[in-house]
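Report on the structure given below.
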Amino acid sequence: MSSSIAPYPAGIEALSDRASASPESGIVEVLNYGMGRQGIIPLWAGEGDIPTPAFICDAATAALAEGQTFYTYQRGIPPLRNALAEYTGWLYGTPNSFERFFVTGSGMQAIQTAILLTADPGDEIVYHAPAWPNLPAAAEIAGVTPVSVAMQFSETGWHLDLERVFAAVSARTKAICVNSPSNPTGWVMPKEDIGALLDFCRGRGIWIIADEVYCRFVYGDVRKGAHGRPLAPSFHDVITPEDRVLFVNTFSKNWAMTGWRIGWIEAPESIGIKLENLIQYSTSGVAAFMQQAALAAMQEGDEFAESVISDACRGRAIVSEGLRKSGRCRFAEPDGAFYAFFGIDGEPDTDKLGLRLVDEAGIGIAPGRAFGPEGAGYMRMCFVRRPAGLSDAMSRLNLWLAKR
């Protein structure tokens, strides 16, 4: 017998306030609009056009064949955690305990977990903007207020005034988030600013969430890491093991593993059990066969990672030259990461521009406002691609601009 009580209708108004308020991604809007279009050159997302190399895929396949399909360590399998400690020591020349490393289901989960570790609903986190939109969105969904500090653009690039960061801190601030090298601006935080920010946070008991995903993507006359290759300045250069610093990272960029959704957090050993708890109550850990793939990336993947970095160097030169040729673009060559963040004279509405470029030029570029109001009027183009595709994209853009 059917109930006589009418059901409540499903709809957005029936959802929690946090779910209802979750923002739509401007990057995803363009991606959804253009994905699958015949002949489109997709430069909207932060990934290249080379699939994950065979040696990484083979490691996952072998693990599946061996039956590695059961529950496993919440913190990550010990060999991978050891490899992450060794990799970090190889980069920065400092010994690390594997107990500082925790495997997560993507870099995005690492960020979500870092926010949950440091801030409660009603607290604040401070971050610099334009910024990857997932960071402030993750804070808002957790009930934490993201407080942005606007960066400034000049012909020499983007800059962050630390005094403005310090001024944004209130009694409710629990963490300051730093993404360097930065997505989308390509800004790299100087070592002296890293030390000054750490001292400021030490004096107030504030956490630092350090997103150093692009640490190996740096250009120009830069310092060499312990491994003898270019490396961005890092909080690893100045911290002690128990400093309140959380590093969030991912396998996506260096090893072409964007679709695998696997990352890691580096944290003080003293909070390990609480970090493990948060992983347990969200994803209950990362599949063992995926971790074996990540282990192969750590142990065998440096040559491949260097080839990706070389692609980014070539791509930066191609895109920069193309933007200069247009005569209508305001930009500065990025110091790090693998994005060009540029404005086009006479095109202030970049939300609509992103959709128009899909239809009229056959290229996919993310609108700058997707990275916060500080990015309005700009576009973000990923250049970690093979040269032929990037050269074609710049030709298409300049041909389109010449008609306007």
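In terms of the numbering used here, the sequence shown opens at residue 8 and continues consecutively.
All C-beta atoms, glycine included, are put in the ideal place defined by N, C-alpha and C.
Everything numeric in this text was worked out from a predicted model, so none of it was measured.
Inter-residue Cα distance where the pair is G375 and M386
Working through the sequence shown from its first residue, we reach residue 375 at position 368. Working through the sequence shown from its first residue, we reach residue 386 at position 379. Spanning the two alpha carbons is a distance of roughly 5 Å.
If you draw a straight line from the C-alpha of N256 to the C-alpha of H135, how long is it?
The sequence position of residue 256 within the sequence shown is 249, counting from 1. The sequence position of residue 135 within the sequence shown is 128, counting from 1. Here the C-alpha atom of N256 lies approximately 18 Å from the C-alpha atom of H135.
Residue closest to S187, alpha-carbon to alpha-carbon, out of W165, S177, G210 and F207
Counting from 1 along the sequence shown, the entry for residue 187 is found at position 180. For S187, the nearest C-alpha among the options comes from W165.
Which residues does DSSP list as the beta-bridge partners of V185?
Residue 185 sits at position 178 when you count from the first residue of the sequence shown. In the DSSP assignment, V185 forms a beta bridge with A217.
Give me whichever residues DSSP pairs with V156 in a beta bridge.
As a working note, residue 156 is residue 149 in the sequence shown. DSSP lists H135 as partners of V156.
Cβ-based burial, S104 [other Cβ within 10 Å; buried from 16]:
Here the question's residue 104 lines up with position 97 in the sequence shown. Exposed: under 16 other Cβ atoms inside 10 Å.
For my contact list, F258 and A304 are in at a C-beta cut-off of 8 Å; report their separation, rounded to the angstrom.
The count along the sequence shown starts at 1 and reaches residue 258 at position 251. The count along the sequence shown starts at 1 and reaches residue 304 at position 297. Their Cβ separation, rounded to whole angstroms, is 6 Å, which keeps F258 and A304 in contact under 8 Å.
Considering Cα atoms alone, identify which of I183, G212 and F345 is closest to C320.
Numbered from 1 along the sequence shown, position 313 holds the residue referred to as residue 320. Of I183, G212 and F345, the residue nearest in Cα terms is F345.
Tell me which same chain residues have a C-beta within less than 8 Å of the C-beta of L364, skipping the five on either side of it?
The residue labelled residue 364 in the question sits at position 357 within the sequence shown. Excluding residues up to 5 positions away in sequence, I370, G371, I372, L404 and W407 lie with their Cβ nearer than 8 Å to the Cβ of L364 in the same chain.
Mind checking whether G270 and A117 have CB atoms under 7 Å apart?
For the purposes of this step, residue 270 is taken as the residue at position 263 of the sequence shown. For the purposes of this step, residue 117 is taken as the residue at position 110 of the sequence shown. Contact check for G270 against A117 passes: the beta carbons are separated by less than 7 Å.
Stretch-stretch touch, CB-based, cutoff 8 Å, three pairs: the stretch 341-359 with the stretch 191-200:
Yes: at least three Cβ pairs fall under 8 Å.
Hey, I122 and P153: beta-carbon distance below 7 Å or not?
Sequence index remark: in the sequence shown, residue 122 carries index 115 (1-based). Sequence index remark: in the sequence shown, residue 153 carries index 146 (1-based). No, these two residues do not count as a Cβ contact at 7 Å.
Give a yes or no on contact between the stretch 313-333 and the stretch 77-85, applying the rule of three or more CB pairs nearer than 8 Å.
The stretch 313-333, when compared against the stretch 77-85, does not touch it at the 8 Å Cβ threshold.
Buried or exposed: where does I48 fall if 16 or more other Cβ atoms within 10 Å of its Cβ makes it buried?
Residue numbering aside, residue 48 sits at position 41 when the sequence shown is read from its first letter. Buried is the call here.
Count the other CB atoms, across all protein chains shown, that sit within 10 Å of the CB of R337; report buried if there are 16 or more and exposed otherwise.
As a first step, residue 337 is located in the sequence shown; it is residue number 330 there, counting from the start. Exposed, because fewer than 16 other Cβ atoms sit within 10 Å of the Cβ of R337.
Can you say whether K281 is buried or exposed, counting buried as having 16 or more other CB atoms within 10 angstroms of its CB?
Reading the sequence shown from its first residue, position 274 is the one you call residue 281. Within a 10 Å sphere around the beta-carbon of K281 sit fewer than 16 other beta-carbons, which makes this residue exposed.
Around the Cβ of E328, are there at least 16 other Cβ atoms within 10 angstroms (buried) or fewer (exposed)?
Locating residue 328 in the sequence shown gives position 321, counting from the first residue. Burial is judged here by how many other beta carbons sit within 10 angstroms of a residue's own beta carbon; E328 has fewer than 16 and is exposed.
Where does V110 fall in DSSP's three states?
As a first step, residue 110 must be located in the sequence shown, where it is residue number 103. Secondary structure at V110: strand, using DSSP grouped into helix, strand and coil.
Given a cut-off of 7 Å, decide if A300 and A66 are closer than it, judged by their beta-carbon atoms.
Reading the sequence shown from its first residue, position 59 is the one you call residue 66. Reading the sequence shown from its first residue, position 293 is the one you call residue 300. In contact: A66 and A300 (Cβ atoms closer than 7 Å).
Let me make sure I understand the geometry here. Which of F62, I34 and M264 has the alpha-carbon closest to that of L50?
Walking along the sequence shown from the start, residue 50 turns up at place 43. Residue I34 holds the alpha-carbon nearest to the alpha-carbon of L50 among F62, I34 and M264.
Three-state secondary structure (DSSP) of Y80
The residue labelled residue 80 in the question sits at position 73 within the sequence shown. Of the three classes helix, strand and coil, the one that applies to Y80 here is coil, per DSSP.
Bridge partners - L253, DSSP secondary structure assignment:
Position 246 of the sequence shown, counting from 1, holds the residue named residue 253. DSSP output for L253 lists I216 as bridge partner(s).
C-alpha distance - F296 paired with F160, whole-angstrom precision
Counted from its first residue, the sequence shown places residue 296 at position 289. Counted from its first residue, the sequence shown places residue 160 at position 153. Taking the straight line joining both Cα atoms gives about 44 Å.
In the DSSP assignment, find the unbroken beta strand (DSSP E) run with I351 in it and report its ends.
Residue 351 sits at position 344 when you count from the first residue of the sequence shown. Per DSSP, I351 belongs to the beta strand (DSSP E) from Y346 to I351.
Could you check where the beta strand (DSSP E) with M386 kicks off and where it finishes?
Within the sequence shown, residue 386 is the residue found at index 379, counting from 1. Where M386 is concerned, the enclosing beta strand (DSSP E) starts and stops at M386 to C389.
Check whether the Cβ atoms of L253 and A239 sit closer than 7 Å, and answer yes or no.
Residue numbering aside, residue 253 sits at position 246 when the sequence shown is read from its first letter. Residue numbering aside, residue 239 sits at position 232 when the sequence shown is read from its first letter. No. Outside cutoff.
Under the rule that 16 or more other beta-carbon atoms within 10 Å means buried, what is L22, buried or exposed?
The residue labelled residue 22 in the question sits at position 15 within the sequence shown. Label assigned to L22: exposed.
Going by DSSP, which residues form a beta bridge with T180?
Indexing the sequence shown from 1 puts residue 180 at position 173. Looking at the DSSP output, T180 sits in a beta bridge with E131.
C222, DSSP secondary structure in three states:
Counted from its first residue, the sequence shown places residue 222 at position 215. Per DSSP, reduced to three states, the secondary structure at C222 is coil, with no helix or strand assignment.
Secondary structure at W262, three-state DSSP: helix, strand or coil?
Against the sequence shown, residue 262 aligns to sequence position 255. W262: coil per DSSP, three-state reduction.
Expressed to the nearest angstrom, what Euclidean distance is found between the alpha-carbon atoms of G322 and P58?
Here residue 322 refers to the residue found at position 315 of the sequence shown. Here residue 58 refers to the residue found at position 51 of the sequence shown. Cα to Cα, the separation comes out at about 17 Å.
Which partner residues of P191 appear in the DSSP bridge assignment?
Start at 1 with the first residue of the sequence shown, and residue 191 comes out as number 184. Residue pairing by DSSP places P191 in no beta bridge whatsoever.
Simplified DSSP assignment, three categories, for W51:
Residue 51 sits at position 44 when you count from the first residue of the sequence shown. Here W51 sits in coil by DSSP.
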